[in-house]
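Step one of this worksheet: look at the structure below.
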Amino acid sequence: MKVIEKLGEQNDYQGIGLLNFNRSEINHWKQLLPDVTHIDLQLDYADRNVTWESLYPEWIDEEQETEVPVCPSLPKLDVPRKRLDLIAVKLPCRNEWNWSRDVARLHLQVAAANLAASAKGFYPVHLLFITNRFPIPNLFTCKELVLREGNVWLYKPDLNVLREKLQLPVGSCELALPHREKEPFYSGNLRREAYATILHSAHVYVCGAIAAAQSIRLSGSNRDLVILVDESISVYHRSGLEAAGWKIRTIQRIRNPKEKDAYNEWNYSKFRLWQLTEYDKIIFIDADLLILRNIDFLFGMPEISATGNNATLFNSG
């Protein structure tokens, strides 16, 4: 097996944590990698009242007018005293359309991520998932995927990035940015951070984009302003956008195959935002949005979703 061969290249492996495997499967692991310590990780089940709807409610009290939203508690793994170089997890996977909305599946991945993030030394930690479906892409990204073979997925996560992600609530059940006293201002690489918006198929939002740029500058922000436009935006309108402070990037728009002739049939053009690789972080705003106060502090957050949960549909959050 290619994955085992890849793991066999790591001569300094000391410990492997095994999560959600039965006794015979653990014995099989010991046969595959006999020269390392195997630790059977024990994770308590989440309470029965922890449902997917309680983790990802459709709406929460964002203004905290009646209550402060709090996420249900999920049990965590005890951190072994032994160094773990690999954490292997067998994930449940329902053969249904909503296979990803599984509390146990989410719980196992978050627990494994927390255990990996608890590593104290300067050694890499690999995570291996056995599942027919891909692991949570928000936690385990494609660029961290070392190898995939069948239903085996091997990742080498950036632990510092993973620790940042785990500071966020487990779901939309709690505000990513709770109301609190002002904290020291975040100071990152300002040249690699930008506000971004997009115009496609019509010029009617040009004036809105100009006003949006003005509102950002009046708020005191000096981050780059980047606007993605397609060929339908004329030279005349582009000159106005540039005068307002936008850096213009010309894109080829992307049609939503299920929304032909709809008002938002080109909404998939927002995927072009991920091609702004010259920036580490961007804040996307609609072209008709006004910024009423400085929101540069959002660049200090690991990542956020600013809109209501809309099932699995892509949105601009």
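In terms of the numbering used here, the sequence shown is residues 2 to 318.
Beta carbons: idealized from backbone N, C-alpha and C, even for Gly.
From a predicted model like this one, the values you see are computed outputs, not experimental measurements.
query	result
Could you have a look at residue 301 and say whether DSSP puts it in helix, strand or coil?	helix
Keeping to the same chain, check which residues put their C-beta closer than 8 Å to that of residue 81; ignore five residues upstream and five downstream.	16, 18, 40 and 42
Runs of 4 residues minimum, wholly inside the segment 135-214: which ones carry the alpha helix (DSSP H) assignment?	160-166
Excluding the 5 residues preceding and the 5 following residue 207 in the sequence, name in chain order all residues of the same chain whose CB lies nearer than 6 Å to its CB.	238
Kindly indicate the opening and closing residues of the beta strand (DSSP E) around residue 245.	Careful: residue 245 lies outside any beta strand (DSSP E), inside the alpha helix (DSSP H) at 236-245.
Check residue 84 in the structure and name its three-state DSSP category.	coil
Let's test the definition: count the other Cβ atoms within 10 Å of the Cβ of residue 182 and tell me whether it reaches 16, buried, or not, exposed.	For residue 182, the predicted structure reports a pLDDT of 46, less than 50, and the residue's modelled location is therefore unreliable. The matter cannot be settled from this model.
Would you list the residues sitting across from residue 284 in a DSSP beta bridge?	196
If you drop the 5 nearest sequence neighbours on each side, which residues of the same chain put their C-beta closer than 7 Å to that of residue 245?	211, 214 and 215
Please determine if the segment 94-110 and the segment 25-38 are in contact, where contact requires at least 3 C-beta pairs separated by less than 8 Å.	no
Determine the DSSP secondary structure at residue 70, reduced to helix, strand or coil.	coil
Per the contact definition of three or more C-beta pairs closer than 8 Å, is the segment 216-225 in contact with the segment 251-268?	no
Do the segment 145-164 and the segment 121-137 meet, that is, are 3 or more Cβ pairs less than 8 Å apart?	yes
So what does residue 227 bridge to, in DSSP terms?	197 and 248
Around the Cβ of residue 93, are there at least 16 other Cβ atoms within 10 angstroms (buried) or fewer (exposed)?	exposed
Considering only the alpha carbon of each residue, which of 294, 166, 262 and 23 lies closest to residue 114?	166
Between the alpha carbons of residue 180 and residue 61, how many angstroms are there, rounded?	Confidence at residue 180 is low in this model, with a pLDDT of 49, below 50, so the placement of that residue is unreliable and no value is reported for it.
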